[in-house]
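Read the structure below first, then the notes.
Numbering (my numbering), first residue to last: 1068 to 1267.
What follows is the structure, given as structure tokens:
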């Protein structure tokens, strides 16, 4: 049985249109949700912009105004996108029994990351190791965890290490938030009267 079937993914892109704009950085960490253990090897590579995809001007201006140094670092590390996508698939499926085990994608939000990944895997004719049924939206998971109350502001209260919008630092921060929510105990309103405590 494979230990690390949960995967937190963060993408940096040139826009918000998954069929037309480009992924320029992928970061992913495989982990075990139940134990909290993280696989030591992490994925973090940058991609050239494929022919036919473009840099949305509003997004480009945002990068140049607020994150110019990070963008320069991404460009310095760019590789052919088909090479990176194949390496990403290989990383994801390492030691996975694909007949009996399924990867679980985590992202914030998943409806941003998953369509981009699906588009790229299709474009380069590489099998997508993720299935939409096994995709977890971290934002929805946190809201559901506390519904109907508002969740505490874990995102703001947990110190961010590294540069925001550098994909690997984003992934590691998202994992900290995920586990903070999971480990935080609260009385659900429907159970409070009975004195029950719901564990994340």
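Just so it is clear, CB atoms sit at the ideal spot from N, CA and C, and this is done for glycine as well.
If residue i sits next to residue j, beta carbons under 8 Å apart, how far is it from one beta carbon to the other, in whole angstroms?
i	j	result
residue 1220	residue 1244	Contact flag wrong, Cβ pair sits at about 10 Å.
residue 1073	residue 1173	6 Å
residue 1170	residue 1201	7 Å
residue 1078	residue 1183	6 Å
residue 1105	residue 1152	At roughly 23 Å, the Cβ-Cβ gap does not stay under 8 Å, so residue 1105 and residue 1152 are not in contact.
Measuring alpha carbon to alpha carbon, tell me which of the options ends up nearest residue i.
i	options	result
residue 1199	1192, 1210 and 1178	1178
residue 1111	1246, 1155, 1121 and 1183	1155
residue 1107	1161, 1125 and 1140	1161
residue 1080	1101, 1113, 1251 and 1100	1113
residue 1075	1084, 1203, 1248 and 1212	1203
residue 1116	1088, 1246, 1213 and 1158	1088
residue 1227	1122, 1175, 1240 and 1166	1240
Using DSSP with H/G/I as helix, E/B as strand and the rest coil, what is residue i?
i	result
residue 1225	coil
residue 1072	coil
residue 1173	strand
residue 1237	helix
residue 1126	helix
residue 1167	coil
residue 1203	strand
residue 1180	helix
residue 1261	No answer about residue 1261 holds up, because its pLDDT of 41 lies below 50 and its placement is not dependable.
residue 1121	strand
residue 1077	strand
residue 1087	coil
residue 1193	coil
residue 1082	coil
residue 1214	coil
residue 1267	Confidence is the limiting factor: at residue 1267 the pLDDT is only 38, short of 50, which leaves the residue's position unreliable, though a coordinate-based value still follows. The answer is coil: DSSP assigns residue 1267 none of H, G, I, E or B.
residue 1251	coil
residue 1102	coil
How far does the beta strand (DSSP E) with residue i in it reach, from first residue to last?
i	result
residue 1106	1105–1114
residue 1098	1090–1098
By the DSSP assignment, the alpha helix (DSSP H) with residue i in it spans what residues?
i	result
residue 1143	1135–1143
residue 1148	1148–1160
Between the region 1234–1243 and the region 1091–1109, do at least 3 Cβ pairs fall closer than 8 Å?
yes
Any 3 or more C-beta pairs closer than 8 Å across the region 1148–1161 and the region 1177–1191
yes
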